[in-house]
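This report concerns only the one structure given below.
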Amino acid sequence: MVKRRNNRQDAIRDIVRGKSIRTQRTLVDELRSIGFNCTQATVSRDIADMGLRKLSEGIYVLAEDLHLQRMVSEFVDSVERADNLVVIKSQPGTAPGVAAAVDAASLPEVKGSVAGNDTVLVVSGGVEAAQDLVNLVNKLRDTRK
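Its first residue numbered 1, the sequence shown is counted upward by one per residue in full-length UniProt numbering.
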């Protein structure tokens, strides 16, 4: 049972980072589409256990991604991928803080980052991992008010 819960919570982490999830029902449907047979009550407990938060825009975010969300939504101007590298452009003087937030989020696709004044270079484990990071940053940028 613990193994299944851990696997399910890993799947929830991936889903929440990859998509804009607004309801528990949507999360249950996403989990079922990848082979997890669970109820909304189970997902509700997982949300509480994992410390998921709902942003004012109505999307779920992982607690460990909240700082990253704040930094990205406030300071990031653009993000693009070049093979397994991700270039994040930010407002002048903010790149070190953005890089620190990326590192602190412990994203599995991130191997490390280097920051200048307004640019962060992130090294990922591969092209797909880099695209996942681009998608996440764009999702978090979309939470701007």
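By construction, the Cβ of each residue, glycine as well, lies at the ideal position given by its N, Cα and C atoms.
Cβ neighbours of residue i in the same chain (closer than 6 Å, five flanking residues each side left out)
i           : result
residue 118 : 90, 92, 95
residue 65  : 105
residue 120 : 88, 95, 98, 99, 113
residue 129 : 109
residue 115 : 95, 96, 99
residue 5   : none
Closest residue to residue i among the options (Cα-Cα distance)
i           : options          : result
residue 84  : 133, 26, 138     : 133
residue 62  : 79, 41, 106      : 106
residue 53  : 67, 42, 41       : 67
residue 25  : 39, 16, 19, 18   : 39
residue 7   : 20, 18, 41, 46   : 46
residue 142 : 73, 79, 120      : 73
residue 173 : 125, 79, 111, 48 : In this structure the chain extends from 1 to 145, so residue 173 is not present and cannot be described.
Residues sharing a beta bridge with residue i, DSSP
i           : result
residue 115 : 120
residue 110 : 124
Same chain only: Cβ atoms within 7 Å of residue i, ignoring 5 sequence neighbours per side
i           : result
residue 22  : 58, 59
residue 77  : 89, 90, 91
residue 139 : 20
The ligand SAM heavy atom lying under 8 Å from the CB of residue i
i          : result
residue 29 : The ligand SAM is not among the ligands present in this structure, which contains no ligands whatsoever.
8 Å Cβ shell around residue i - same chain, five flanking residues per side excluded
i           : result
residue 131 : 81
residue 50  : 9, 12, 13, 62, 63
In chain order, which beta strand (DSSP E) runs of at least 3 residues are fully inside the region 57-92? Taking 3 residues as the shortest admissible run, the region 57-92 contains the following complete beta strand (DSSP E) segments, listed from N- to C-terminal end: 76-82, 85-90.
State whether the region 29-41 contacts the region 7-16, with contact taken as three or more CB pairs (one from each stretch) at a distance under 8 Å. Result yes; three or more Cβ-Cβ pairs closer than 8 Å.
Ignoring anything shorter than 4 residues, give me the alpha helix (DSSP H) runs that lie fully in the UniProt domain "Arginine repressor DNA-binding" (4-65), in order along the chain. Segments of the alpha helix (DSSP H) lying fully in the UniProt domain "Arginine repressor DNA-binding" (4-65): 24-33, 40-50.
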